[in-house]
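Numbering (the numbering used here), first residue to last: 182 to 400. Worksheet: one structure, shown below.
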């Protein structure tokens with residue numbers, strides 16, 4: 182219990198110091214967004230507590246990083262990922278492998294997701310997360326004896342599913358968060374670009390004739 186408290190305080194100080202130094206506008210001027218970031222972190226931490234007791238390789242920890250990139254930026258995602266990996270490793274006991282797995286997945290997703298306005302970048306990020314998971318699996322378990330071929334196949338399937346679930350949950354999360362917190366996410370913009378959307382129909386109907394409203398769906 183004491184380890185968890187100390188670890189949480191360390192992450193809180195680290196995250197708060199970074200925001201105060203480099204993202205002061207977020208810390209002082211966007212309380213709703215800051216509350217959303219904290220809420221996502223706590224929710225993912227609670228989910229990880231359940232996952233560390235079963236199969237961590239199928240747990241989509243990279244979702245936190247992808248959501249952070251989309252709503253706050255890659256710098257916040259990197260800091261959040263490192264703190265998240267540290268705390269989940271503490272919860273797992275001697276969880277160096279767990280920390281490396283989560284940190285590698287989150288950092289990879291953050292670096293790959295350069296264009297948050299494109300759906301295919303989330304899919305590509307999920308695929309690379311799966312590849313990194315497999316690399317971590319081999320790094321920590323290849324030298325261990327006694328692992329059956331069936332168990333290896335199971336773990337490899339878990340790694341691939343992890344990447345797929347990470348991409349899918351990130352897109353679902355963006356859709357839900359965009360609706361609840363009124364965030365301009367890719368899915369909401371894609372929905373707005375549909376010719377049948379009421380707001381777009383109204384804009385086209387009421388706009389003066391010389392005005393041309395471009396509407397191109399991001400790909």
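Even for Gly, the Cβ is constructed at its ideal location relative to N, Cα and C.
- Excluding sequence positions up to five before and after residue 340, its CB lies within less than 7 Å of the CB of 238, 311, 314, 315 and 318, all in the same chain and listed in chain order.
- In terms of CA proximity to residue 263, 195 leads the group 252, 195, 349 and 208.
- By the CB criterion at 8 Å, residue 351 and residue 248 fall inside the cutoff.
- Within the same chain, Cβ atoms closer than 6 Å to the Cβ of residue 290 are found at 243, 246, 247, 306 and 310, the five residues on either side in sequence being excluded.
- A buried status is given to residue 241, since no fewer than 16 other beta-carbon atoms sit within 10 Å of its beta-carbon.
- With respect to residue 280, residue 269 sits close: the two C-beta atoms are nearer than 8 Å.
- Residue 217 places its beta carbon less than 8 Å from that of residue 358.
- Spatial neighbours of residue 286 in its own chain (CB-CB distance under 7 Å, excluding positions within 5 residues in sequence) are listed in chain order as 242, 243, 310, 313 and 314.
- Closest in C-alpha terms to residue 299, from the list 250, 320 and 277, comes 250.
- Your pair residue 204 and residue 362 does not check out as a contact, with CB atoms roughly 18 Å apart and the cut at 8 Å.
- Each of 277, 220, 295 and 308 was checked against the Cα of residue 344, and the nearest Cα belongs to 308.
- Under the three-state reduction of DSSP, residue 363 is assigned to coil, being neither helix nor strand.
- The shortest C-alpha to C-alpha distance from residue 277 to any of 231, 219, 321 and 355 is the one to 321.
- Going by C-alpha positions, residue 188 is about 8 Å away from residue 271.
- Taking the Cα of residue 215 as reference, the smallest distance to any Cα among 295, 347, 346 and 261 is reached at 261.
- Pairing residue 284 with residue 349, the inter-Cα distance amounts to about 19 Å.
- Ranked by Cα distance from residue 255, the options 337, 200 and 273 are led by 200.
- For the set 223, 229, 236 and 227, the Cα lying nearest the Cα of residue 337 is the one of 236.
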